[in-house]
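See below for the structure under consideration.
Written as structure tokens, this is what we have:
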């Protein structure tokens, strides 16, 4: 493997990591409160806002039903508004975040709904306020499931990030397409695939291990 | 301490199900320091009832007055404070799996914003009371059912409540563990002078733990009183049915099989059930019976129990004679203020010799 190719792989890998981590962080920041609200705003729940619940639910579903490559292109005006440009690695973070946020919201919603309703009742019986229930009961109890869900999101985002080459996003996927496919360099293509497989394996293993360590339910 | 006045709860019709009238005018008065049992079959409304006391369920009519305060009038902040002074223990423990034993017991104090050092000073003695000092750093998943319930009890007590609500606290436990938990609750009641409301479907829990009991059926209190009196002279059919299970245990299945409950067949002897209670429970009744009725009595089965430290016994005897002699014996038993009746007949040859 040539020095040149290693440097190409390193640059592209860094771009992918940058896009995925940024989208994951911002997506979690936006998606987590949304997910908690989705899980607790139904009728008779902690923050009963059934109308809000239905609207946000529909919005989340709508975003999630658009294929990512179409979403990335369709929201270019919005990307330009946020990032100042629609081209480049930083700009690609915008569509990735837009795709990640509703996904993470659903993941968190599912994890929070998985917490035994008896725990909410017990917390209420000991005089916990709704926000205390979220931070002292729901989130700690849902944490192992949230970690697994975020691991899944990370892998999904790595996949999506390969498509942002279409809007000049760079990254490993872009490298594979431009060098491996368009310039007939099967060695580049193979290297990209190997690196992606290794990275996804690593992330999944780390996520599984962390979730298992956090899960005190099974001993 | 706890007074319920005409308490009503109606769940509105939803999802095609008609409205459900869970509580239909419940009146109860629970005294300070008392252990008050509420027993009923599943669906009778007892879980709804206990949840109206700390407003986990909002009553749709009537009043709940705790320590002189109508709890429906409490503001949101006052309700929070009230709930902190009211402990609750649950059937399925409801412990946080992500927190250790210590963390679970500390939670109510954390929620109240109590400093860490003070929390530590209050949790330790409670873990001692429930016998879990050595399990402080363990997670609930590492504990047995009985130990989990001890954590639940410690958690309910850590904020020093005046009232303890117990919702089917032994229903998920085996008999031996149940006994230990009931002993612990008794002990806590004496030590801390707590008022306790105990919901259960098991008569044995009422017998072992409670001072007074109310029987709930279809959202209404159908009978209430001193545990001993309710046990010995149940008035309502629901109470009788609940107690029957306890009493039938005294008559082994093998015997029940050979007792003919219809009219006496040829050569069959009457079987008399004698219930011993009160001051005459210690009388040498069998030898007296033989003398008075002029026949022998064969003891088939029996048990003597103590309810609130008062003897309560049941004896099943075969009258080695006719119905006339048996009636004579029954009349004598009744004259001693004990209860007796013929429950059937038995072929003397079918009775296992013994």
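Chains as they are written, first to last, in our numbering: chain A, 1 to 219; chain B, 1 to 354. We put the CB at the ideal spot given by N, CA and C, even for glycine. Please read these numbers as outputs of a predicted model, since none were measured by experiment.
DSSP puts residue 356 of chain B in a beta bridge; with which residues?
As displayed, chain B neither begins before 1 nor continues past 354, which places residue 356 of chain B out of reach and without an answer.
Determine, for residue 119 of chain A, whether the minimum Cβ-Cβ distance to residues of chain B falls below 8 Å.
What you label residue 119 of chain A is simply residue 119 of the first chain in a count that begins at 1. Yes, because at least one Cβ of chain B sits closer than 8 Å to the Cβ of residue 119 of chain A.
Step through the CB atoms of chain A and report whether any lies within less than 8 Å of the CB of residue 80 of chain B.
As a first step, residue 80 of chain B must be located in the second chain, where it is residue number 80. Interface residue, yes.
So, for residue 60 of chain A: in the same chain, excluding its five sequence neighbours on each side, which residues have a beta-carbon less than 6 Å away from its beta-carbon?
Taking the first chain and counting its residues from 1, the one referred to as residue 60 of chain A is at position 60. For residue 60 of chain A, where only same-chain residues beyond five positions count, the Cβ hits under 6 Å are 102, 105.
Would you please verify whether the beta carbon of residue 20 of chain B is less than 8 Å from any beta carbon of chain A?
Position 20 of the second chain, counted from the start, is the residue given in the question as residue 20 of chain B. It does not: the Cβ of residue 20 of chain B has no partner Cβ on chain A nearer than 8 Å.
Restricting to Cα atoms, I'd like to know which of B:113, B:102, B:108 is closest to residue 134 of chain B.
The count along the second chain starts at 1 and reaches residue 134 of chain B at position 134. Closest by alpha carbon: B:102.
Pull up the distance between the alpha-carbon of residue 15 of chain B and that of residue 124 of chain A, whole angstroms please.
Numbered from its first residue, the second chain carries residue 15 of chain B at position 15. Numbered from its first residue, the first chain carries residue 124 of chain A at position 124. Answer to the nearest angstrom: the Cα atoms are 26 Å apart.
Listed from N- to C-terminal order along the chain, which residues in the stretch 134-154 of chain A have their beta-carbon within a distance smaller than 7 Å of any beta-carbon of chain B?
136, 137, 140, 141, 143
Interfacial residues, the stretch 108-119 of chain B to chain A, with Cβ spacing under 8 Å:
108, 110, 111, 112
Quick one: using the 10 Å Cβ neighbour count with 16 as the cut-off for buried, is residue 121 of chain B buried or exposed?
The sequence position of residue 121 of chain B within the second chain is 121, counting from 1. Exposed: under 16 other Cβ atoms inside 10 Å.
Can you give me the C-alpha to C-alpha distance between residue 72 of chain B and residue 307 of chain B, rounded to a whole angstrom?
Taking the second chain and counting its residues from 1, the one referred to as residue 72 of chain B is at position 72. Taking the second chain and counting its residues from 1, the one referred to as residue 307 of chain B is at position 307. Going by the C-alpha atoms only, they are around 37 Å apart.
So, with DSSP's three-state summary, where would you put residue 259 of chain B?
Here the question's residue 259 of chain B lines up with position 259 in the second chain. It is coil, neither helix nor strand.
Taking Cβ positions, are residue 274 of chain B and residue 323 of chain B nearer each other than 8 Å?
Within the second chain, the letter at position 274 stands for residue 274 of chain B. Within the second chain, the letter at position 323 stands for residue 323 of chain B. In this structure, residue 323 of chain B does not lie closer than 8 Å to residue 274 of chain B by Cβ.
Interface residues of chain B around residue 217 of chain A at Cβ under 9 Å?
Here residue 217 of chain A corresponds to residue number 217 of the first chain, with the count starting at 1. Result: 97, 98, 139, 140, 141.
Checking contacts by CB at 8 Å: is residue 122 of chain A closer than that to chain B?
For this step, residue 122 of chain A is matched to residue 122 along the first chain. Yes, because at least one Cβ of chain B sits closer than 8 Å to the Cβ of residue 122 of chain A.
Report the partner residues of residue 311 of chain B according to the DSSP bridge assignment.
Here residue 311 of chain B is taken as the residue at index 311 of the second chain, counted from 1. The partner list for residue 311 of chain B (beta bridge, DSSP) reads B:306.
Alpha carbon of residue 160 of chain A to alpha carbon of residue 68 of chain A, nearest angstrom:
Here residue 160 of chain A refers to the residue found at position 160 when the first chain is read from its first residue. Here residue 68 of chain A refers to the residue found at position 68 when the first chain is read from its first residue. Roughly 7 Å between the two C-alpha positions.
Cβ-based burial, residue 150 of chain A [other Cβ within 10 Å; buried from 16]:
On the first chain, residue 150 of chain A is found 150 positions in, with the first residue counted as 1. With 16 or more other Cβ atoms within 10 Å, it is buried.
How about residue 220 of chain A: is its C-beta nearer than 8 Å to some C-beta of chain B?
Here chain A has residues from 1 to 219 only, and residue 220 of chain A is not among them.
Beta-carbon of residue 127 of chain A versus every beta-carbon of chain B: anything under 8 Å?
For this step, residue 127 of chain A is matched to residue 127 along the first chain. Yes, because at least one Cβ of chain B sits closer than 8 Å to the Cβ of residue 127 of chain A.
Can you check the stretch 41-74 of chain B for any beta strand (DSSP E) of at least 3 residues that lies completely inside it and give the ranges in chain order?
61-66
Would you check if the stretch 85-95 of chain A and the stretch 46-60 of chain B touch, i.e. whether three or more CB-CB distances between them fall below 8 Å?
no
Is there a C-beta anywhere in chain A that falls below 8 Å from the one on residue 15 of chain B?
As a working mapping, residue 15 of chain B is identified with position 15 in the second chain. So no, residue 15 of chain B is outside the interface.
For chain E, is any of its Cβ atoms less than 8 Å away from the one on residue 132 of chain A?
The displayed structure is made up of protein chains A and B, and chain E is not among them.
Is the stretch 134-152 of chain B close to the stretch 169-181 of chain B, with three or more CB pairs under 8 Å?
yes
Are any of the Cβ atoms in chain A nearer than 8 Å to that of residue 92 of chain B?
Here residue 92 of chain B refers to the residue found at position 92 when the second chain is read from its first residue. Cβ-Cβ to chain A under 8 Å: yes for residue 92 of chain B.
When the Cα atoms are used, what is the spatial distance from residue 18 of chain B to residue 59 of chain B?
Residue mapping note: residue 18 of chain B aligns to position 18 of the second chain, counting from 1. Residue mapping note: residue 59 of chain B aligns to position 59 of the second chain, counting from 1. Each residue's alpha carbon lies about 18 Å from the other.
If you follow the alpha helix (DSSP H) that residue 83 of chain B is part of, which residue opens it and which one closes it?
By one-based count along the second chain, residue 83 of chain B stands at place 83. Residues 76-84.
Assuming residue 345 of chain B and residue 298 of chain B are in contact, meaning their beta carbons sit under 8 Å apart, how far apart are those beta carbons, in whole angstroms?
Walking along the second chain from the start, residue 345 of chain B turns up at place 345. Walking along the second chain from the start, residue 298 of chain B turns up at place 298. Actually they do not touch by this definition, with Cβ atoms about 13 Å apart.
Beta-carbon proximity list for residue 2 of chain B, same chain, < 7 Å, skipping 5 on both sides
Residue numbering aside, residue 2 of chain B sits at position 2 when the second chain is read from its first letter. Contacts found: 30, 53, 66, 163, 195, 197.
Checking the sheet assignment: what are the DSSP bridge partners for residue 3 of chain B?
Residue numbering aside, residue 3 of chain B sits at position 3 when the second chain is read from its first letter. Paired residue(s): B:29, B:65.
Confirm, please, whether the CB-CB distance from residue 185 of chain B to residue 157 of chain B is below 8 Å.
Reading the second chain from its first residue, position 157 is the one you call residue 157 of chain B. Reading the second chain from its first residue, position 185 is the one you call residue 185 of chain B. Against a cut-off of 8 Å, the Cβ pair of residue 185 of chain B and residue 157 of chain B comes out as no contact.
Would residue 257 of chain B pass as an interface residue toward chain A - the criterion being a Cβ-Cβ separation below 8 Å?
For the purposes of this step, residue 257 of chain B is taken as the residue at position 257 of the second chain. No, no contact with chain A.
Could you tell me whether the Cβ atoms of residue 214 of chain B and residue 38 of chain B are closer together than 8 Å?
Residue mapping note: residue 214 of chain B aligns to position 214 of the second chain, counting from 1. Residue mapping note: residue 38 of chain B aligns to position 38 of the second chain, counting from 1. Against a cut-off of 8 Å, the Cβ pair of residue 38 of chain B and residue 214 of chain B comes out as a contact.
Whose CA, out of A:43, A:72, A:142, lies closest to the CA of residue 162 of chain A?
Sequence index remark: in the first chain, residue 162 of chain A carries index 162 (1-based). The shortest Cα separation from residue 162 of chain A among A:43, A:72, A:142 belongs to A:72.
Measuring straight from C-alpha to C-alpha, what distance separates residue 16 of chain A and residue 158 of chain A?
Taking the first residue of the first chain as 1, we reach residue 16 of chain A at position 16. Taking the first residue of the first chain as 1, we reach residue 158 of chain A at position 158. If I take the Cα positions, the gap works out to 7 Å.
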